[in-house]
Structures are given as structure tokens and as C-alpha cells.
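**Q** In terms of the UniProt record's numbering, the sequence shown is residues 1 to 349. Think of the CB as a built atom: it goes at the ideal place given N, C-alpha and C, for glycine as much as any other residue. All values reported here derive from a predicted model rather than from experimental measurement. Got a structure here, written out as C-alpha cells. Questions coming.
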Amino acid sequence: MRILLTGAAGFIGTAIGTRLRDAGHEVVGVDLMLASAHGETSPPAGVHHLDVRDAGAPAWSDLLRGIDAVCHQAAVVGAGVRVADLPDYASHNDVGTAALLAAMHEAGVDRLVLASSMVVYGEGRYTCTEHGDQQPPPREVAALESGDFENHCARCGRALEWALVPEDARLDPRSSYAASKLAQEHYTSSWVRQAGAGAVALRYHNVYGPGMPRDTPYSGVAAMFRSSLERGERPQVYEDGAQARDFVHVDDVARANVVALEQVVAEPAPRFAAYNVCSGQPVSILDVARRVAAGAGRDLEPEVTGGFRPGDVRHVVASPELAARELGFTAAVDPDTGLADFATAPLRA
Numbered sequence: 001m002r003i004l005l006t007g008a009a010g011f012i013g014t015a016i017g018t019r020l021r022d023a024g025h026e027v028v029g030v031d032l033m034l035a036s037a038h039g040e041t042s043p044p045a046g047v048h049h050l051d052v053r054d055a056g057a058p059a060w061s062d063l064l065r066g067i068d069a070v071c072h073q074a075a076v077v078g079a080g081v082r083v084a085d086l087p088d089y090a091s092h093n094d095v096g097t098a099a100l101l102a103a104m105h106e107a108g109v110d111r112l113v114l115a116s117s118m119v120v121y122g123e124g125r126y127t128c129t130e131h132g133d134q135q136p137p138p139r140e141v142a143a144l145e146s147g148d149f150e151n152h153c154a155r156c157g158r159a160l161e162w163a164l165v166p167e168d169a170r171l172d173p174r175s176s177y178a179a180s181k182l183a184q185e186h187y188t189s190s191w192v193r194q195a196g197a198g199a200v201a202l203r204y205h206n207v208y209g210p211g212m213p214r215d216t217p218y219s220g221v222a223a224m225f226r227s228s229l230e231r232g233e234r235p236q237v238y239e240d241g242a243q244a245r246d247f248v249h250v251d252d253v254a255r256a257n258v259v260a261l262e263q264v265v266a267e268p269a270p271r272f273a274a275y276n277v278c279s280g281q282p283v284s285i286l287d288v289a290r291r292v293a294a295g296a297g298r299d300l301e302p303e304v305t306g307g308f309r310p311g312d313v314r315h316v317v318a319s320p321e322l323a324a325r326e327l328g329f330t331a332a333v334d335p336d337t338g339l340a341d342f343a344t345a346p347l348r349a
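Printed below as a string of C-alpha cells:
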């Protein structure tokens, strides 16, 4: 296959490109190289420095010629905690995706794998021991300020327990970044219907691993914990640290992309599908900090601050079943091993 890979110079894009080449596929890399993610560096050799929002330009037409599928990883990421961030998310993520899809159609490229995110779910799935499944509204700031971080049953007031989130769960983004990722999925599914195309959206959970950037808005929480430890400081953990998440290694994410690309190119019928890409082994944020500290050989207990960000959700943990059944993808790196190894893995400066 000949794959056009956007976001090719990023942490995840680099891993995907390597695995695609190892599998015998040809990769054409594109990356805008935003300074907020990459600093003031030049594109790596072989990566075209282009803006996905200009995908209708002649330079893109040349690159799309002879392409079998696009692997779209380019995006502005992060929590999007400021209202001022909204235009950047809408421009880079949504306008960029729409421009790329239009250019693909013009060039006759009708297969896509899209990097999506678990943030499209908003809060995860919850149950009450007495009243069953619940769909909690956004948590009240007053409750968070008082130290009450859990979601509660609307009928009895009990703290809700989390459950695994399947792909057909309600989509309810709670931040500007999350809204942009869901918009990307909507544009893609519309393109599939209008163009008779095929696409897979991979909903990444918390990705970590070698090559993550240091101390930027693109750094994951595991990288931030590691940076604190390297400074001799205790990692700072929001809320009470009990937030449940799924941490998936970048090698597994890269493998999921290769599997999805091979499947979507081979699939003769137009379709849109979304899959969770996760380890299937939930872990609390406090335990993540502890595992990174242990891997680094640092005897520093994380500091649970009680602080919070209004756009954050309490728990979101994915079900890996559909990806295993339909893609044949199951994560190989467990968080115990992966997070300990990550503590000393090379990061991007």
C-alpha cells in the first residue's frame, strides 16, 4: 500500500510511519510542525511541510496521486481549557479534516483512517448499584470546589461506579478539543456516505511511550509526571487521584493503525466504523504517577492536590471488545510494564 500520513513528525505519527514501513508499505509523510508541539525545528527528512487546511492546493494534489489510503493523525490536541482556544481547534482539526476529505475525493482517494479520541464520550459509562445505568450531567463547579469529585445517582445520591464504555455509547464532548474530535468523526462519516468511501476512526485513550514531547500542551499526563520526577519534585495529581483511565502504549496505537489501514483498503463496501484503542487494563491517575515514579527509581509519593479543571471528566474507561472482534486488535503492552519502562524512555526535547 501507498499511505499518505498526516502528522507524520509527531509522537504517534512517527511510530505509525515506522511500523508501516516495517510492514512493507510506502509512506508519504506530511506535517505542519506547529511550534507548540515541535518547537522551532525543521521537518524531518522526507516529511513535507504543508498545512492540511490548504489540502486543495496543487502541492497536495501531487502528493495524493497514487495514494491507496490516508492516515490522518494531524490535529491540535489538549484539554482546550481557554475559550480563546476554540478557533484553533475548529480551524486545524475541523476545517483541516474537511479540506483533506474534499481533496481526497477530488484525487479519487476513498480510504481513510482517522485519529479520534475517547474524549468524544465525555463522561464515561456509569452505574448505580440500585438504579442501574446512569448518564450524569457535567459536574458542578461548587461540588468540585468542596472536594466532591464523583458523579452521583440522580435518584438516590449514591456515588456512581464506572463501567466499560462501548463504541455505541452516547457521544457527549465536554471540552473544545473534544467537540473538534467529534466534528472530525461527523465530517468523516458524511464523506463516507457522499463519496461511497471507507473510513475507520480510532478512538485513542491515554497514549504514552518513547518519543513523547516534554512539557508542552501535547505532553500527556504520564510525561508530565515524569518531568516532575526528573526535577526532583513530587508529581502533582488533580482531584483525589482516583480518576479511572486507560493508558495505551504508542506501539499498540501504531499497530492498530496498520491493521485498520490494511482492513479499510481491502474492504470493498463503503462503511464508517469507530473503535476504541485501549489497553483494556484500567488504572487510576494516582497509580500512573506511582508506577512512573517506581520505574524511575524515585522514592517520591505523588502529591494529591485536590485541584481540578472544569473540562475534565471523572472516569472514562473503554471496552476493547469490538476492536478485538472486528479489527483483530488487542493491546500487547500492559500498563504495569509500559509505564515503568516509560519512566526512562527517551522523550522529545
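Does the beta-carbon distance from Arg214 to Val317 come in below 8 Å?
**A** no
**Q** How is the beta strand (DSSP E) around Tyr187 delimited, first residue to last?
**A** Unbroken run through Tyr187 is the alpha helix (DSSP H), 176-195; no beta strand (DSSP E).
**Q** When DSSP builds the beta bridges, which residues end up paired with residue 350?
**A** Only positions 1 to 349 of the chain appear in this structure, which leaves residue 350 out of reach.
**Q** Measure from the alpha carbon of Leu202 to the alpha carbon of each residue in Val248, Ser175, Glu230, Pro210, then state which is nearest.
**A** Relative to Leu202, the option among Val248, Ser175, Glu230, Pro210 whose CA is nearest is Val248.
**Q** Residue ranges of each alpha helix (DSSP H) run of no fewer than 4 residues wholly in the stretch 78-154, ordered along the chain?
**A** 96-107, 141-145
**Q** Contact check, Val119 vs Ser175 under 8 Å by CB: the rounded distance?
**A** 7 Å
**Q** Give me whichever residues DSSP pairs with Tyr208 in a beta bridge.
**A** Per DSSP, His249.
**Q** Taking 8 Å as the threshold (C-beta atoms), are Arg291 and Phe11 in contact?
**A** no
**Q** Out of curiosity, what's the CA-to-CA distance linking Pro173 and Trp162?
**A** 18 Å
**Q** Can you tell me which residues form a DSSP beta bridge with Tyr238?
**A** BP columns for Tyr238 are empty, so no partner.
**Q** Answer with buried or exposed for His205, where buried requires no fewer than 16 other C-beta atoms within 10 angstroms of its C-beta.
**A** buried
**Q** Just mark Arg65 as buried or exposed, buried being the case when its beta carbon has 16 or more other beta carbons within 10 Å.
**A** exposed
**Q** Restricting to Cα atoms, I'd like to know which of Gln236, Ala115, Ala74 is closest to Ser91.
**A** Ala74
**Q** For Gln134 and Gly24, I'd like the C-alpha separation in whole angstroms.
**A** 46 Å
**Q** DSSP puts Phe272 in a beta bridge; with which residues?
**A** Per DSSP, Ala199.
**Q** Hey, would you say Ala197 sits closer than 8 Å to Arg111, going by beta carbons?
**A** Result yes, Cβ atoms of Ala197 and Arg111 sit closer than 8 Å.
**Q** Quick one: what's Leu5 bridged to in DSSP?
**A** Gly29, Cys71
**Q** In terms of residues, what are the limits of the beta strand (DSSP E) holding Ala169?
**A** Unbroken run through Ala169: none, as it is neither H nor E.
**Q** So does the stretch 136-152 actually touch the stretch 102-109, counting three or more Cβ pairs closer than 8 Å?
**A** Segments in contact, no.
**Q** In chain order, which continuous runs of the alpha helix (DSSP H) of length 4 or greater are located wholly inside the stretch 315-340?
**A** The qualifying runs do not exist here; there are none.
**Q** Ends of the alpha helix (DSSP H) at Asp22?
**A** Its alpha helix (DSSP H) spans residues 11-22.
**Q** Please report the straight-line C-alpha distance between Val169 and Ser61, rounded to a whole angstrom.
**A** Residue identity check: residue 169 is Ala in the sequence provided, not Val. If I take the Cα positions, the gap works out to 37 Å.
**Q** Taking all protein chains shown into account, do 16 or more other C-beta atoms lie within 10 angstroms of the C-beta of Thr337, making it buried, or fewer, making it exposed?
**A** In this structure Thr337 is exposed. Its beta-carbon is surrounded by fewer than 16 other beta-carbon atoms within 10 angstroms.
**Q** Taking Val237 and Pro310 to be in contact with their CB atoms under 8 Å, please state how far apart those CB atoms are, rounded to whole angstroms.
**A** About 17 Å separates the Cβ atoms of Val237 and Pro310, ruling out a contact at the 8 Å cut-off.
**Q** When you compare only the Cα positions, how much space is there between Ala331 and Ser116?
**A** About 17 Å.
**Q** Can you give me the C-alpha to C-alpha distance between Asp68 and Tyr177, rounded to a whole angstrom?
**A** 29 Å
**Q** Around the C-beta of Asp94, are 16 or more other C-beta atoms found within 10 angstroms, so that it is buried, or is it exposed?
**A** Buried, since its Cβ has 16 or more Cβ neighbours within 10 Å.
**Q** Using alpha carbons as the reference points, say which of Val304, Val70, Val83 lies closest to Pro235.
**A** Val304
**Q** Please name the residue in Val221, Ala345, Arg314 whose C-alpha comes closest to that of His152.
**A** Arg314
**Q** Mapping the DSSP letters down to three states, classify Glu303 as helix, strand or coil.
**A** Look at Glu303 here: in three-state DSSP terms it is strand.
**Q** Please determine, among Ala143, Ala142, Ala99, Pro166, the residue with the shortest C-alpha to C-alpha distance to Tyr126.
**A** Pro166
**Q** Go ahead and pull the three-state DSSP assignment for Val288.
**A** helix
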